[in-house]
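Participant: Sharing a structure with you now.
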Amino acid sequence: MNKHLVLVGMMGSGKSTVAEWLHRAGGLPFYDTDALIERRAGKTIPAIFEESGEAGFRELERAILAETVARVPGVLSTGGGLFVDAENRRLLLDRGIVFYLHASAEMLALRTATATNRPLLGAASNVTAAAEDRIATLRCLLAKREEDYRKAHHVIDAEQRKPDAIGAEILALYQSTFHES
Numbered sequence: 728m729n730k731h732l733v734l735v736g737m738m739g740s741g742k743s744t745v746a747e748w749l750h751r752a753g754g755l756p757f758y759d760t761d762a763l764i765e766r767r768a769g770k771t772i773p774a775i776f777e778e779s780g781e782a783g784f785r786e787l788e789r790a791i792l793a794e795t796v797a798r799v800p801g802v803l804s805t806g807g808g809l810f811v812d813a814e815n816r817r818l819l820l821d822r823g824i825v826f827y828l829h830a831s832a833e834m835l836a837l838r839t840a841t842a843t844n845r846p847l848l849g850a851a852s853n854v855t856a857a858a859e860d861r862i863a864t865l866r867c868l869l870a871k872r873e874e875d876y877r878k879a880h881h882v883i884d885a886e887q888r889k890p891d892a893i894g895a896e897i898l899a900l901y902q903s904t905f906h907e908s
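Heads up: the sequence shown at position 146 corresponds to 873 in our numbering, and the numbers run straight through without jumps.
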């Protein structure tokens, strides 16, 4: 299998959890772009956003992605905004089989309710922020990104499903891609 298995989608869609399951079940290397960025920068993503802004973060993200896709193909979990960038999207569609994990803003809000490391949620990332604020922020972000996310090779329902069920569906689709060619 000469292409990466790539997971894209919003924060809270389950990318990291499903990627870890796929890594274990499929025996593929596991790459998490957010973790690689933090390791390279020596600081958290919120700290990078604070010091360099979103533009500085996206520049580092692009560089990390270019290095990562050159590695042995594996499971690649991406940050929520990575696939929205046209250059990143072209690279991933060419070098991988891309799966969009789709979930509603309401589900994403539930899954990110206790997260404090989500800089694009802004004030809505505060644990005490009203659920309505978090949902509204996520709904707005999702509306901006949905069209790009849907350019993935496969759209996977991640709404009310367990990570192993999502992972099993993705692994079957990924493996069938290579048996058809």
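C-beta atoms are modelled at their ideal positions from N, C-alpha and C, and glycine is treated no differently.
If we require 4 or more residues per run, which alpha helix (DSSP H) segments fall completely within the region 742 to 788?
Facilitator: The qualifying runs are 742 to 753 and 760 to 768.
Participant: I'd like to check one pair, residue 883 with residue 827: are the Cβ atoms closer than 8 Å?
Facilitator: Yes.
Participant: Is any beta-carbon of chain C found at less than 8 Å from that of residue 878?
Facilitator: Of the protein chains in this structure there is only one, and it is not chain C.
Participant: In angstroms with no decimal places, state the Cα-to-Cα distance between residue 824 and residue 867.
Facilitator: Roughly 27 Å separates the two Cα atoms.
Participant: At what residues does the alpha helix (DSSP H) containing residue 819 begin and finish?
Facilitator: Note, residue 819: alpha helix (DSSP H), 813 to 822.
Participant: Assuming residue 801 contacts residue 760 under a Cβ cut-off of 8 Å, what Cβ separation, rounded to an integer in Å, is found between them?
Facilitator: Actually they are not in contact, since the Cβ atoms of residue 801 and residue 760 sit about 12 Å apart, beyond 8 Å.
Participant: What is the residue span of the beta strand (DSSP E) that residue 688 lies within?
Facilitator: Because residue 688 is not part of the residues shown, which for the chain are 728 to 908, the question remains open.
Participant: Measuring alpha carbon to alpha carbon, tell me which of 815, 756, 864 and 743 ends up nearest residue 789.
Facilitator: Comparing Cα-Cα distances from residue 789 to each of 815, 756, 864 and 743, the minimum goes to 815.
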